[in-house]
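Here's the structure, in structure tokens; my notes come after.
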Amino acid sequence: MMRTEVGRGELERVSESGRLGELYRRHAGDAARLAYLVTGDRALAEDIVQEAFVRMYGRFRDLRNPDAFDVYLRRTVVNLARSHFRRRKVERKHLPRVEDEPSAEPPDLGERERLWTVLQSLPERQRTAIVLRFYEDLSEATTAEVMGCPVGTVKSLVSRGLERLRAIVVEE
Amino acid sequence: VSEVEPDLKELLHRRAQDIRIPPDLPPPTLRRARRRRGWSVAFVGMTALAMITGVVVAFQLTSTTSRRIGESPSPLGPTEPTPVPPGTDSDFAVPSVWPETNLDDVRAEQAAVDGGADSWRTDPTETARRFAVSVLGWDQAVASQMYPDGVVPTDDGDAFVTAGPYASGHGLITGVTLDLSQRGRRGQGGIWSVVDVVPDVSGGIDLSCGTNPLVPGNPVTLCGTLSLPDPAESVRYGIFDGNRFDLSNFDDAPFQGTIVVGPDDQFRTEMAGPLSDQASVLFLEVIDGRGIVLTALARRLSPSGAQTSPPATIPPATTQPTGAPTTGCCGDGGENAFPGLWPAGSVDTFRFYEDEVAKGNRTWQLDASQTAQQFVSDVLGWPASDLQISTVFTSLDGSEAFATVASATVSSAAGVDAWEVIDLVRMGAPTPIWVATGARSKLFDVM
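Chains G and F supply the protein sequences, listed in that same order.
The numbering of the first sequence is this note's numbering, which starts it at 135 and goes up by one.
The numbering of the second sequence is this note's numbering, which starts it at 842 and goes up by one.
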């Protein structure tokens, strides 16, 4: 989780490229884990993290609170993941339909693996809200801030997502 | 739910350990970051220059437009701010399209904001920016008030905000103009909601191709023509029902899909089944070949009862010799009830023009956009050769429209668009003609 603190003074001591490298070393792992949990795709998560740092470069001076770099990075990761899903949705609509292949997942998944599968099948916003709430341990207000939506929407997204996960558990 | 949470947390923490990334910043990433920053600096510089120039030109245009409009009858003149009670447009099924789509949620959110949550909701520009991020997927969205001095116009209780993606690295994208309104409480501390979405002044979506496109109970035909600076590949649409939905989730819409845009920039689809009486919002996104949303349109739909009325008609001249309009033609039948202001401000004048059109003259009055162009040319004095019609929205029954007209000369010379919204009504029989009923001046900088 993104918990490492980087002070303003520390940010100002090194060059901008040096800053990026240092911030990458401190935060990239956390960002990658968040991106992976939101997307369920390791390669994509790595790409998102690289892109997030590309976008953060040169904007350090614009940050109203440089100490909150992790907050900005988290928001950027979530937004990039969201953009990816939107693009993918459009691309899928234009691709010729192919027959669904049999699932590669073994039939005897454990409960937690089933939970992971169901989590990945949730709508992207529900999954993001759940990851931010239960992995990042963010408050509803902070989750709303990261996702750029009202608190009420976060409550609704989490509630719906958990409802679906619970349904799977109950089925078993 | 509680029995799921411990497993969920454990699962997330365990799964998070599955991913490993290089410990140090890869050199290609740093190179990309530097290139991107170069573009950003250039973009910011150009934007700042355009905004500074824009303020100067906008003030000049404001004074010019106000003086000219002030000479017209009062409905065209600048209106004084008036307190408006909280509520919604009774003509529409939903009070706003984002984030809330019903008054209960608006009130709850207003209470939450009053309690210290979501402070951004009291800022129309930030609300617009977040709409662009959350709904349109522009993760680097920029937004700016259309009024250069940042003052929220209060004549109609609305704020207009332009929003676009952060252009660096993406190329130019059209953008949107958002109409926001305070639905919970007007004034300081009131939350802003997105009420309507239209393409910005540099492009348009003309949905007037259908003869009767969105009438509840009838088969749905959705078609139109794009006029955008960027090449579009497809149009994604959703027609949402009721007053609880999420615009960013097209799966919420009973009618939804994607239409491939033809080489002539036209799109068309006919959907199976009739349009529901509960249909409340039409939402379109125009998408390019990269999957990026170029622009969007959200139109709130009137309740079904209001969508089937025929175009307003005007009685034959033989029954109305003195110019006093009758009910059905011109409102309540009062002395000054004729709704038109230009070119006809009275029934007599209207009949004159109606006859002229019937003779084959002034045929531009058969077309809403041409009438709007003629208005800004004749009344505001904008050079006719430099006008751009960016948007024409026609009501579902075809009897009303509003058109946005921009002056291309001002736009290209100073980075500022002069934009006029013309309200029009279509009246008369057997061949209805368009008459302007009002106009609003909008000045803003273009990102």
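We treat Cβ as the ideally placed atom computed from N, Cα and C, and that holds for glycine.
Secondary structure of alanine 952 of chain F (DSSP, three-state): helix. Flagged as an interface residue toward chain G: proline 940 of chain F, by a C-beta distance shorter than 9 Å. Against glutamine 254 of chain G, chain F offers no close residue; the least beta-carbon distance is about 10 Å (beta-carbon pairs closer than 9 Å). Taking 9 Å as the threshold, the shortest C-beta distance from phenylalanine 203 of chain G to chain F does not fall below it. Secondary structure at aspartate 946 of chain F: helix, using DSSP grouped into helix, strand and coil. Straight through space, the alpha carbons of glutamate 1074 of chain F and alanine 179 of chain G are spaced by roughly 28 Å. Near chain G, meaning a CB-to-CB distance below 8 Å, no residue of the stretch 1030-1042 of chain F qualifies. In terms of beta-carbon proximity, valine 280 of chain G stays away from the interface with chain F, with every pair separated by 9 Å or more. Not flagged as an interface residue toward chain G: threonine 1110 of chain F, since no C-beta distance is shorter than 9 Å. Spanning the alpha carbons of valine 1038 of chain F and glutamate 1111 of chain F requires a straight line of approximately 23 Å.
Chain F has no Cβ within less than 9 Å of the Cβ of arginine 208 of chain G.
Within the stretch 946-964 of chain F, Asp946, Ala949, Glu950, Ala953, Ala958, Asp959, Arg962 place their CB atoms closer than 8 Å to a CB of chain G, listed in sequence order.
Shown here for alanine 275 of chain G: same chain residues with a beta carbon closer than 7 Å to its own, the five before and five after excluded, namely Val285 in chain order.
For the 9 Å CB-CB criterion, alanine 165 of chain G and arginine 216 of chain G do not form a contact.
Shown here for glutamate 941 of chain F: same chain residues with a beta carbon closer than 7 Å to its own, the five before and five after excluded, namely Val947, Glu950, Ser1034 in chain order. Alanine 1004 of chain F sits close to alanine 984 of chain F, with the two beta carbons spaced by under 9 Å. The DSSP-derived three-state label of valine 1102 of chain F is coil.
At least 9 Å separates the beta-carbon of glycine 1030 of chain F from that of aspartate 964 of chain F. Proximity of aspartate 848 of chain F to chain G, defined by a Cβ-Cβ separation below 9 Å, is satisfied. Think of a sphere of 8 Å around the beta carbon of arginine 176 of chain G: the chain F residues whose beta carbon falls inside it are Asp859, Ile860, in chain order. DSSP places phenylalanine 1086 of chain F in the coil class of the three-state scheme, outside both helix and strand.
Residue range 1188-1199 is occupied by the alpha helix (DSSP H) that includes phenylalanine 1191 of chain F, with no beta strand (DSSP E) assigned at that position. When C-beta distances to chain F are compared with 7 Å, the residues of the stretch 162-176 of chain G below that value are Ala162, Gly163, Ala166, Arg167, Tyr170, Leu171, Arg176, in chain order.
For the 9 Å CB-CB criterion, valine 1017 of chain F and alanine 973 of chain F form a contact. Collapsing the DSSP output to three states places glutamate 967 of chain F in a helix.
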